[in-house]
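Encoded as structure tokens, the structure appears first; notes follow it.
Chains as they are written, first to last, in our numbering: chain A, 25 to 600; chain B, 41 to 426.
Next up, the structure:
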């Protein structure tokens, strides 16, 4: 950070223009930042760059091979449907729930408005196994209940077939809803309440207020949420992987995963298959940026916002409770029941229940080592992520005076993992890290590198929010008082960001513990994490043990979320 | 896939396998790449002192050692002869890791039986379907992985044997092992499994008697089968198609659901999710029967069988322990543990409790190389679960 600056009244230091020496000075000033930029560039770019190079080897022969895979057209179509369908469902449901949260009675507001976030607490792989027990066509518990209704009682299977494309899309959409809701909640809180009150006073019903006043103001949040939902929907991996096998439903990411099950792995074809997802993800992120401009503008919430609270509707609370029940409570209940059953069967009976499977699961050596791996790898990754994320956040803030080129490059690098689906990233890492210079296969280090790469955007974003909340006044006051940059950071900024760093750590831990797609790509038989053990048990093992494992995952995550809330306050989750 | 592991009290120390080099000659081992090559050939004669079962040492050598994170080069010490030296080295290795495609109940029996016979060698059996790519990856990267592999696949073993990358069994029980159940001098065929048809006893009062019955309209939408995840599945579908041309298409027309292997098929049938499990083995069904689930199986007429092959891997990090486990599996006690509960048959005569499988035709899975699997999947994949 430089001492020389030109102040043009905007409060932002700019370099003196039109001087080659000044440009050189700026380049030199950026040199310390190179220490940050180079490693970040390395871990973010290496997997994807090497993979894409592989795809284009031999004049793109891999693309030809990929295009001639049997049934690939149907796979691509299913991928597109999954992305569009799940994103649409998530946007509609998420917006609806966000609207309901504005209509909550004041007494219920605090608890009820956090309920839609509950599904995030449950790892996707755990939730999907719960849904399978609920919605298996013949013996799924919910299906059996539905068949008692007069309209369905003539059926002996269904009516819901969880192993079909529509329901894979619906379940993915339901789980993405929580994320969309989270983003919209942040946006809602930034909207001044007086606008909505004015509309209501002028005679508009609550629906019209929402459609004509609130929703347009939410456009930035909606655009952001839509972008995230689309990218996540494109790379969706867990639901198609667990539920698709029964009827041969495949998407691009699961097709790439199947390549990992052959030796030698045809990385070229995998890269070719993943290129459309990669391009689409990049396009979405770019479009998102263009639509809402610098998203950092929307991070700071200063107005007294939110609904006035007079306009409470009981059905709004009922809607939110129903969503929480369906999306979170039901799968957990199914998992609990199956985990204490001697074997999976569709009968809800209290006879013969046993703790044997839970006991076997908890004492199994492979489970313990996977649990230890998950926790240890997550903690180590966080130990790297927090400082690196802090430094990146610092660099990208305009008022810390990092040169523009550093800011631009870091911004790009830090956003890139968001645009790449985790499964693709994992596949790229498998390719990059099973050959020189870094051969990490079969060790836990490959997990840690994967986690750091994937979570860099979140760690940076969370800490950017924290730094912006502090505001640049402290920073500039410190600089004005004569403290050098290091001293300013360590004595002034760090103490104030402790809480946001701790929240970031807890939330990142939750996300990492959930992590499934990339872990599945880079794991070896003896370096597993909880999610991959659940999958192995699901595909080739014993269902009550699957249920016990899923519950164990959910329990650890729940502890992580509680810690995050305790450390960061009740608004911690909103910072995501 | 979860298995229990017996702890042992001594810090294992990795020492060079003393006999690995001898075995190398038996297999014509050449360098297989990576740091853990077994030493090159030394002339080897089977230990003349080998008799009966090896009695386990009751007091393990309390030599503490560093916990290993990299493999020690097994070629670093002079090869030696004698089963006792192998045993001693195995105890110092202290652990053996097996990847197994066999069903969880069988793996548990193997683990429990071996732990009882050799309490100072801790055993870890990891269950999964089709581990060949992972094993190849481990071999290439030198990662610490499996010492032995149990699977019905044959082609992969044949390729490794041709490279000289497997360890020949040299224990005392190798001499008594029937030679027709030892392939390429290193692949032990340890268990014989007939294909059966599983059915849910609540939903199917009159079970089918043969695979042909499954094409009956009454079973439409009620079948559970396996997708083509391994050569045993491909070979079995191919046998069905060859015995009865048009079978696969007709089966696909019944709209079965597909799972990965026989264990989830049996679980789904026991749950009542499907009435019939088309791809099934007694070993996957019987544990559910024992739990009181409403499932049973019939041995169809005609049917074929498959064998579970086991071999010790030449690139194993613990080759001596691997040989000890292999020898135990070939012993009457090991065979009793594996095949003594009436769901599989043993290559050895007179194992109490084994399944009677007289005149069972065993599927030849040798031709099912990766290329043939690809062709099969290209032709039939869309009908058989993608």
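Heads up, the beta-carbon is just placed ideally off N, CA and C, and yes, glycines get one too.
For residue i, write down the residues that DSSP places opposite it in a beta bridge.
{"i": "residue 240 of chain B", "result": "B:335"}
{"i": "residue 358 of chain B", "result": "According to DSSP, which records beta bridges pairwise, residue 358 of chain B is partnered with nothing at all."}
{"i": "residue 298 of chain B", "result": "B:265"}
{"i": "residue 189 of chain B", "result": "B:139, B:351"}
{"i": "residue 229 of chain B", "result": "B:349"}
Within 8 Å of any Cβ in chain B, is that where the Cβ of residue i sits?
{"i": "residue 94 of chain A", "result": "yes"}
{"i": "residue 160 of chain A", "result": "yes"}
{"i": "residue 435 of chain A", "result": "no"}
{"i": "residue 458 of chain A", "result": "yes"}
{"i": "residue 397 of chain A", "result": "no"}
{"i": "residue 543 of chain A", "result": "no"}
{"i": "residue 50 of chain A", "result": "no"}
{"i": "residue 324 of chain A", "result": "Summary for residue 324 of chain A: the model assigns pLDDT 38, below 50, so the residue's position carries little reliability; its value from the coordinates is reported in the next sentence. No, residue 324 of chain A does not count as interfacial toward chain B."}
{"i": "residue 177 of chain A", "result": "no"}
{"i": "residue 563 of chain A", "result": "yes"}
{"i": "residue 465 of chain A", "result": "yes"}
{"i": "residue 252 of chain A", "result": "no"}
{"i": "residue 163 of chain A", "result": "yes"}
{"i": "residue 389 of chain A", "result": "yes"}
{"i": "residue 361 of chain A", "result": "no"}
{"i": "residue 290 of chain A", "result": "no"}
{"i": "residue 567 of chain A", "result": "yes"}
Given that residue i touches chain B, what residues does it touch there, using C-beta distances under 9 Å?
{"i": "residue 370 of chain A", "result": "311, 312, 313"}
{"i": "residue 89 of chain A", "result": "Residues of chain B passing the Cβ test: none, with the nearest at roughly 12 Å."}
Would you check if the distance between the CB atom of residue i and the CB atom of residue j is smaller than 8 Å?
{"i": "residue 305 of chain A", "j": "residue 311 of chain B", "result": "no"}
{"i": "residue 481 of chain A", "j": "residue 524 of chain A", "result": "no"}
{"i": "residue 139 of chain A", "j": "residue 344 of chain A", "result": "yes"}
{"i": "residue 275 of chain B", "j": "residue 400 of chain B", "result": "no"}
{"i": "residue 269 of chain B", "j": "residue 416 of chain B", "result": "no"}
{"i": "residue 257 of chain A", "j": "residue 106 of chain A", "result": "yes"}
{"i": "residue 409 of chain A", "j": "residue 532 of chain A", "result": "yes"}
{"i": "residue 161 of chain B", "j": "residue 136 of chain B", "result": "yes"}
{"i": "residue 369 of chain B", "j": "residue 126 of chain B", "result": "no"}
{"i": "residue 478 of chain A", "j": "residue 449 of chain A", "result": "yes"}
{"i": "residue 207 of chain A", "j": "residue 123 of chain A", "result": "no"}
{"i": "residue 430 of chain A", "j": "residue 443 of chain A", "result": "no"}
{"i": "residue 554 of chain A", "j": "residue 394 of chain A", "result": "yes"}
{"i": "residue 195 of chain B", "j": "residue 420 of chain B", "result": "no"}
Contact check, residue i vs residue j under 8 Å by CB: the rounded distance?
{"i": "residue 299 of chain B", "j": "residue 348 of chain B", "result": "Their Cβ separation, rounded to whole angstroms, is 20 Å, which puts residue 299 of chain B and residue 348 of chain B out of contact at 8 Å."}
{"i": "residue 252 of chain B", "j": "residue 219 of chain B", "result": "Their Cβ separation, rounded to whole angstroms, is 36 Å, which puts residue 252 of chain B and residue 219 of chain B out of contact at 8 Å."}
{"i": "residue 564 of chain A", "j": "residue 329 of chain B", "result": "Residue 564 of chain A to residue 329 of chain B, Cβ: 20 Å. No contact."}
{"i": "residue 384 of chain A", "j": "residue 569 of chain A", "result": "7 Å"}
{"i": "residue 200 of chain A", "j": "residue 253 of chain A", "result": "5 Å"}
{"i": "residue 545 of chain A", "j": "residue 284 of chain A", "result": "6 Å"}
State yes or no: is the beta carbon of residue i nearer than 8 Å to at least one beta carbon in chain A?
{"i": "residue 78 of chain B", "result": "Summary for residue 78 of chain B: the model assigns pLDDT 40, below 50, so the residue's position carries little reliability, and this model does not support an answer."}
{"i": "residue 177 of chain B", "result": "yes"}
{"i": "residue 144 of chain B", "result": "yes"}
{"i": "residue 304 of chain B", "result": "yes"}
{"i": "residue 350 of chain B", "result": "no"}
{"i": "residue 166 of chain B", "result": "yes"}
{"i": "residue 261 of chain B", "result": "yes"}
{"i": "residue 406 of chain B", "result": "no"}
{"i": "residue 153 of chain B", "result": "no"}
{"i": "residue 328 of chain B", "result": "yes"}
{"i": "residue 134 of chain B", "result": "no"}
Is residue i close to the ligand SAH? I mean its beta-carbon at under 7 Å from any heavy atom of the ligand.
{"i": "residue 100 of chain A", "result": "This structure does not include the ligand SAH; it has no bound ligands of any sort."}
Who are the neighbours of residue i on chain A, taking C-beta pairs under 8 Å?
{"i": "residue 139 of chain B", "result": "549"}
{"i": "residue 416 of chain B", "result": "The contacting residues do not exist; residue 416 of chain B stays about 11 Å from chain A at best."}
{"i": "residue 298 of chain B", "result": "269, 270, 271, 272"}
{"i": "residue 331 of chain B", "result": "366, 367"}
Residues of chain A with CB closer than 7 Å to the CB of residue i, please, in chain order.
{"i": "residue 172 of chain B", "result": "287"}
{"i": "residue 267 of chain B", "result": "269"}
{"i": "residue 183 of chain B", "result": "465, 466, 548"}
Listing by chain order, which chain B residues have their CB less than 8 Å from the CB of residue i?
{"i": "residue 181 of chain A", "result": "261"}
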